[in-house]
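Notes follow the structure.
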Amino acid sequence: MTNKVGSVLVVGGGIAGIQASLDMADSGFRVYLLDESPGIGGVMAQLDKTFPTNDCSMCILAPKLVAAGRHPNIHLITNADITGIKGEAGNFDVSVRRRPRYVIREKCTGCGVCAEKCPVEAIDEFNQGLMNRNSIYVKYVQTVPLTFLIDRDKCIGCGTCQEVCRAKAVMYDDKEEDVVLNVGSVVLAPGFEGFDPRLKREYGYGRFTNVVSSTDFERILSASGPYGGMVLRPYDGEVPRRIAFVQCVGSRDSQVGNNYCSAACCMYGMKESIIAKEHAPGVQCTIFFMDIRSYGKDFELYYKRAQDEYNVQFIRSRVASIDEIPGSKNLKVKYVVNEQPKEEEFELVVLSIGMQPPKHAKELAKALDIKLNDNGFCYTKEFSPVETSKPGVFVCGAFEGPKDIPESVSQASGAATKATSIIASERWKLTTTKVYPPEIDVSKQEPRIGVFVCHCGINIGGVVKVPEVVEYAKKLPNVVYAEQNLYTCSQDTQEKIRETIQEHKLNRVIVASCTPRTHEPLFRETVREAGLNIYLFEMANIRDQCSWVHMHEPKEATAKAKDLVRSIVAKASLLNPLPKPVISVTHSGLVIGGGLSGMAAAQDLAEQGFEVDLVEKEKDLGGHLRHIYYTIGPEDPQEKLQSLIKQVSNNKMIHLHLNTKIDNVEGYVGNFKTTLNSNGLKSEVNSGTIIVATGATEYKPTEYFYGINKNVVTQRELEEMMVNGKLQAKTVAMIQCVGSRNESNPNCSRICCTQAIKNSLKIKELSPETEVYILYKDMRTYGFIEEAYREAVSKGVICIRYDDENKINLTQENDQLKLSIWEPTIGLSVPIEPDLLVLSAATVANTDNEETAKMLKVPLTKDGFFLEAHMKLRPVDFATEGVFLCGLAHSPKLIEESLAQASAAASRALTVLSKNALETEGAISNVNEDLCSGCKVCEPLCEYHAIEMKDVDGKKRAHVLEALCKGCGVCGSACPTGAISMLHFTDNQIIAQVRAALKEA
Amino acid sequence: MEFEPKIVGFLCNWCSYAGADLAGVSRIQYPPNIRIVRVMCSGRIDPDFILETLIHGADGVLVMGCHPGDCHYIEGNLHAERKAKMLRNLIAETGLEPERMHLEWVSASEGARFAQLVKEFTDRITKLGPSPISGENPNKVILENLLAAKRTAGDFRLRVIVGRERELVEDKNAYGEKVPQEKLDELLSEAIKTEYTRNRIYNMLEKESLSVRELSKRLDLSTQDVLTNIVVMRKKGMLGVERIEGTTPIYMSLEVR
Amino acid sequence: MATPKKEIPRVGVFVCHCGINIGGVVKVSEVVEFAKTIPDVAYAEANLYTCSSEGISKIKEAIKKYNLNRVVVASCTPRTHEPLFRNACEEAGLNKYLFEMANIRDQCSWAHMHEPEKATTKAKDLVKMAVAKARLLEPQDEPEIDVTPSALVIGGGISGMTAALSMANQGFNVNIVEREPELGGMLAKLHMLCPNFEDASKALSSIVDAVKSNQKINVLTSSEVEDVKGFIGNFDVTVKKDDKPLKLNQGTIVVATGAENFEPINMYGYKSNENVLTQMQLEKLLKTGDLRKPDKVVMIQCVGAREEKGRQYCSRICCGVAIKNALIIKDLYPETELFIIFRDLQTYGQEYEACYTEAREKGVHFIKYTSSNPPEVSSNSEGKLTIKTYDAFLKEMVELESDLVVLSTPLIPQKDAEKLSKILKVPLGSDGFFFEAHVKLRPIDFATDGIFVCGSAHSPKDISESISQALGVASRAAIPMANKHVRADAITSIINEDLCSGCGTCVRICPYGAIQKNEIGIAQVTSVVCKGCGTCAASCPEKAITMRHFTDDQITAQALAALEG
Amino acid sequence: MAEFNPKIVAFLCNWCSYAGADLAGVSRIQYPPSIRVVRVMCSGRINPAFILDAFKNGADGVLVAGCHPGDCHYIAGNYKAQRRVLLVQKLMEAFGLEPERLRLEWVSASEGDRFASVVKDMTAEIRKLGPNPIKMLEVED
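Protein sequences, first through last, are from chains A, B, C and D.
Taking our numbering, I'd label the letters of the first sequence as residues 146 to 1146.
Taking our numbering, I'd label the letters of the second sequence as residues 314 to 570.
Taking our numbering, I'd label the letters of the third sequence as residues 78 to 642.
Taking our numbering, I'd label the letters of the fourth sequence as residues 2 to 142.
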């Protein structure tokens, strides 16, 4: 057997790849994150906003980019391709070819002077060709690594960039480089390729300027896009008054060979129309669609808001063709409604393009020896959704199948667990930990401040008179040293800073240069290496917020730079060293819920070497899955369930607590103390993390004679009938959305359409002559399930739409059910007399969720499901650290989705469990108990439940749970007695900073 | 009255000016329309000088330097040649006849050639007639265009390309390769066109804030062309949106260095 | 850029009649009256001859009397007369760069003799233009630079040694840097010299002895030049001797690095057959006396020279060398049959042609081939060589057998030429040899002042030609050293550092290497190296450069003045 | 008289607005050099006392900028900031200080352009209002 290797290669630096990398790096593995493009960020970086929260995409992505870029255990390899793989799971040699970048990453400061001076303009692919870039460029300004590169195809080699680069980062003789990475496993996250809308010639993309793709439109909406966030049409820059969104372009379309549904387009189409309306009030957005597939958590509410709040018009029709009107360049959209051809004029048309396998999927599959499915995406199985056909190679994100961001993020974390479980024995073996000298005690010293002012090549020095600022700084109180640097962030300057700290006995350091958002960590590292606490460092941003924005006012800019330095010196004089609280970690996990998700999560943790307490309120394991007998795929769910139960039961690391409830939860991340109650027998379990996998319940219908007529059953009951051979019916009708998408439960239950299709196919298999009708609102067979829908239709299953206007008319005569439904395509009401009426009942939240949520101090959605920390990027986290979420408890979902989420929750838990101690933020709230009046104003304000009231000498006093505090300072500014101070941003510090800024120089 | 063209000559000190002297010493007669500005080397002649001269109504500008290989400063004349080529392309964009600017080589011993060239040039300009921007009723469009052209000739991008042209085409570029002349010409003419268009837009917006459509009408460019350039200019901080009138953004110029 | 001192210009204009040369065509008095109306003109007068001593003293008087701070003389050409008038200004206490000329004779009255009216108008314009420029003129300095009276000679071959000796004999210290452990260069490898059949060793040893015994000459063998900074008079040279750096301060530099012999690998059986030699190898055999008597010898000319692509040049000396060696062999072994297969026999000058004649008389056979039909050499198993060649006179193929084939290969540039050219910032030609400032008129100067070239480093040449060049170089280099000073030109470029973005365009364009970027990437002009052509200013993408005495403002003001009115 | 150049103290949250201000810089979008930025982690950190103290010390204007509603890195800190700013504006009115001198703006990380125009706009407005009247009075703590 070969030696295992504690490192992982992640292929693809989109959001999925980044999430997988961060999880694995945080739980003790070395990660190589490879991207074929020059920077990470993937498609998400191109997006303006994200649904359903309308969060600014870059705002939430950028911190992740920075985290990945700076992580000591993540090694970025950009502009590179995989060329081959050798070895086996646990020990692979992957060969990688890095394309030349012509810019040295270690030297490039990302200042952009090279691009400013580059005489060659090229089309900016990142902005979908709506803008220009230069032949030396970065993908986008927030990109990581922020290293420029030369587009060799465009570059004429004039040498200007090398000349103007003061950091000497340009290297024209850069060469292609082959490297071999020795890794234990591989995670594939290469994402997807947008469908090329040119292939739908009838829609005119590429011929008509005012027909754009949805990706183009994201850039149009973006504030940093070509039009600065104004919604303009590309032909003449007018704000369009009427915009059409055409859905399913390149999806659900056998003509172009893509039978599947791209899963995210309905939502992004709605999002784009909502954002368009926000950016250009008064614009009328019309969405042409076949089915609205807003099947995700709270997506249906978004759909409703789009209709009701934003007046987005929805037209259920596939657009036949689009013509350009000469002169106005407006567009005539032709479509058919109820067999009637119609046309409507729009000023702009947005084509919602589908997802296709990544461009180099075939080459990648060949190089890595993995199988692709019929659609060219990565081949996986229902019960192993993140495993490829090759052991040791895992997959996540859209390469596994079209999906949205949260699904990708969940899958990414899931893949991270699976990829590291085969090398769990190698945890922390290839990671680097840095040893620092002991911290110098500065508490009794007067402040001795050193100020380092950066020229940033010409970026600062070209506008601000740096020597003048240095001289000025020297005269400020407490400043004992000041100097200027060409690039303060360069390697040699770090050495210089360290030496200066020692030589001049500095105990506060200020760098006046660029933004702390990117550079503070670097300088903190430097001062720490010189023996100073990192909180004794401060920055003045005299570039991004001074020299760059006042380029034509050098005098004022210099004055401002001095003000900024003076004011930060005032703050720095008051800085205190802060310890980073360290929390010990109990190395075992608690999983609540013994269904599929709970068992899978427990199994994942156990496989990684951690003990798990698995708590199940019922007497048996299995949960919801016990009632599922078929899936849409070939696998037998019961067989899988039994084998999983067996594995879990036999696993010595897993301690089962059946018939057990949770009574109480105390503590916080790393150290939870949970009281279990097994029929009155109480016990306590300690755990470092808690995973909530409590599942959900099938809705008991009260409509359509359910419980009155014995021929009315739920889908679950139908499955039982079929498996027991009791299905006799000659005519079966199914009604969708029973108990969901209505007034009392506005959300979509996501899985019922799939269930209905699955069961109708089963019926057709058991008795082909049985007539099957599915009465649906929107057929939400997203992703590859669309193909099953097609199959069902081709096998004669008849699907008829109904909705709140066109209701189902159901009566019974002597137990014989009779229903009729208006069918617009034939213009008649269709009478059906089903022997069996199957209701697709909603999946609803457990009633005891509220109780559990309270104990865990985690929130619920309106409809009672658990609410995660962030819909997009933290789908299995809670705002409360150390508590995670998966499966149906989160929202209704399919088996493979639950499994991916279970592994994801395990992955997130592993980032805690794998550590001996957690180091947390030092800049947190601090309560002066003498001043605290116990008024409790702060307690509910804290979103993280980091403040609790404690008894101190018989009085209630606020107490900060250091492990939970994130340092936002909301409590501090609300405290009426001034008892709470925000360390590192204390009132004194801020006020001193403000006053110094206002003092006349 | 017969048209007497005003011609400004920029002559290098060592060959052409000496050639002009020799014409005089030899009493070779030529038309008196030329006014000579002496510079040390034809390489000194900034495209700016020529455009400025044309903007002020010169009917012709004659640039003269040493023959290739004879330059007192080794190869200043060859740089002058590249600049003249760029200028010809640029002037052609403005509607002014590019023939009004002309480059010739005259050595110190070619007094007769000097006189001949001046005569020919004067004849040619006489035939062309007065510069459309001279006199009482100057052609405002061409004048505007020339002002835009002058800004263009001062553009970093063009000057870098022209300044590097010889090195790239005749010796080697940063990668040690020779850049084919056609490739460079293509890049240069592309750069001339776009920068010129941008400067026209900029100059126009300096006077008055306008929409894409209005700009397109006044500059006789497609709306798409205008918009594409506005996008770039906004990114460079040259333009801003002043207001949105109904569905129409109105752009204004911003101060640039 | 306005005048830094905010003094109001007071221009004096002196219009010359030049006897009848100007006055016969141009109405001088009208021009004077017109001049008086030009803004800032404080005084104007006409002179019969402004350049006469009377005219000069009138200028000086007027400067004082009218408090003039700019002077314009409208007369003839500045190319001949400017120094005179400048002098006058200086004598009157006015900086000589505050003087400007309008050429109303050579370029006006003489050229438009039959159009007096138009000529007068033109003269007025020219005066107006000169005044427009003069108003903006600024005083300039001509810095004086001390010259270190010591020369660096790079290369200790015949050229380098000759130059060094000559300079030492003129009293200057000389450092010779030779990369080999011994002096001598190519000459050390030769047998006899062409065309006088002198023993090379003897010729060499006499000059080596002279060099070694000269007190003024310091010989650094096994040394290489690593770095050169500075400019004429003050070159800071770093020499690496035995891996240790050695700093030298030198006033002038002579490049005499010589050339190498081309090795014709894979040509005509060279290397694969030991009886195929180069001329150089043959010299060695002759020198050591190891050449056994051959029955037949065939020499092939232009091996690796005068190619379609690649080495296109003629190596100049090979024909002479081949004939010389043929004659030596004939002397040694009169029965040996000798063939020289050539393309064009380039025995230029009297001596070489005489050798050629002698060779023919002594029975050396000459066969002409063409580049389209080069000879082919093959050998049998015993090493006997067969040469097939086209005979351009017979117009048919001929076949020769031979014991020995000797290839005449060209001299090629030294391997380190490119490195040295970068260190010295002097150019190489397309053939890789050092490239002089002007092919005809400055054959041993570089464009960079104070650096010179001689010998085969410049192009292939024989010993006497090398010596001539070396002596020439010694004389050229001696001038600034003997003067002890050089005057730098005042008309140089100035860089506005605030505008400079460090794009390097000027650095690349400047043929003199006068512009370098400093440590923070801002371009800096070394004024004493700058010749003032102004190409950098016209090319600077940031418009950060202007020229002293030819500023953008001055030039445009002058041009636009022509268009006024 | 020279043009009045107001001094504006800007409290920017680290995650959105400060990043937006950085983006304005990276994109070289020019705006008046009137503001002095104080970085806080969250707009919710901004104590009304900071704002009042700034005015007392002569600030001509105070800008509070945070993430757009729903975008707060700390979930809801910006909502708290919004309430506080409204309250402080009320207080200012009572003091006789124009409430327009205090502004709350949402600026996201991708809105460099917006940040610049907010500063431009506010500077112009404060310029119209004239210097902070309190600045004239000598206030001692």
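Beta carbons are placed, not taken as given, at the ideal position from N, Cα and C, and that holds for glycine.
All values derive from a computational prediction rather than experimental measurement.
Do we get a CB-CB distance below 9 Å when we pair residue i with the residues of chain A?
{"i": "D:Glu112", "result": "yes"}
Return helix, strand or coil for residue i, following the three-state DSSP convention.
{"i": "A:Val258", "result": "helix"}
{"i": "A:Tyr282", "result": "strand"}
{"i": "A:Arg438", "result": "coil"}
{"i": "C:Pro322", "result": "strand"}
{"i": "B:Asp383", "result": "coil"}
{"i": "C:Lys461", "result": "coil"}
{"i": "D:Val89", "result": "helix"}
{"i": "A:His424", "result": "helix"}
{"i": "B:Gly424", "result": "helix"}
{"i": "D:Glu139", "result": "For D:Glu139, the pLDDT reaches just 49, beneath the cut-off of 50, and the residue's location in the model is therefore unreliable, leaving the point undetermined."}
{"i": "A:Val1127", "result": "Note that residue 1127 of chain A corresponds to Met in the displayed sequence, not to Val. Strand."}
Under the DSSP definition of a beta bridge, which residues are partnered with residue i?
{"i": "A:Asp1022", "result": "A:Phe1029"}
{"i": "A:Thr876", "result": "A:Glu916"}
{"i": "C:Ile377", "result": "C:Ile418 and C:Leu484"}
Taking 9 Å as the CB-CB limit, is residue i close to chain D?
{"i": "B:Lys440", "result": "no"}
{"i": "A:Arg1140", "result": "yes"}
{"i": "B:Leu540", "result": "no"}
Counting only beta-carbon separations shorter than 9 Å, does residue i have a partner in chain C?
{"i": "A:Val258", "result": "yes"}
{"i": "B:Thr366", "result": "yes"}
{"i": "A:Asp193", "result": "no"}
For chain B, check one thing: does any of its Cβ atoms lie closer than 9 Å to the Cβ of residue i?
{"i": "D:Ser35", "result": "no"}
{"i": "C:Phe627", "result": "yes"}
Write down the C-beta distance between residue i and residue j rounded to the nearest angstrom, noting that I regard them as a contact closer than 8 Å.
{"i": "C:Tyr174", "j": "C:Leu214", "result": "6 Å"}
{"i": "C:Glu337", "j": "C:Val316", "result": "Going by Cβ atoms, the distance from C:Glu337 to C:Val316 rounds to 21 Å, so no, they are not a contact pair."}
Does the beta-carbon of residue i, which I'm using as the reference point, lie nearer than 8 Å to any heavy atom of the ligand GTP?
{"i": "B:Glu527", "result": "Here there are no bound small molecules, and the ligand GTP is not part of this structure."}
*asked:* So, does the stretch 758–767 of chain A touch the stretch 1085–1105 of chain A, judging by three or more C-beta pairs under 8 Å?
replied: no
- Query: Taking three-plus beta-carbon pairs below 8 Å as touching, is the stretch 357–375 of chain C in contact with the stretch 407–421 of chain C?
  - Reply: yes
Does the stretch 1120–1133 of chain A come into contact with the stretch 1071–1088 of chain A, if we say contact requires no fewer than three beta-carbon pairs (one atom in each stretch) closer than 8 Å? yes
**Request:** Check whether the stretch 128–136 of chain C touches the stretch 84–104 of chain C, taking contact to mean three or more Cβ pairs, one atom from each stretch, closer than 8 Å.
**Result:** yes
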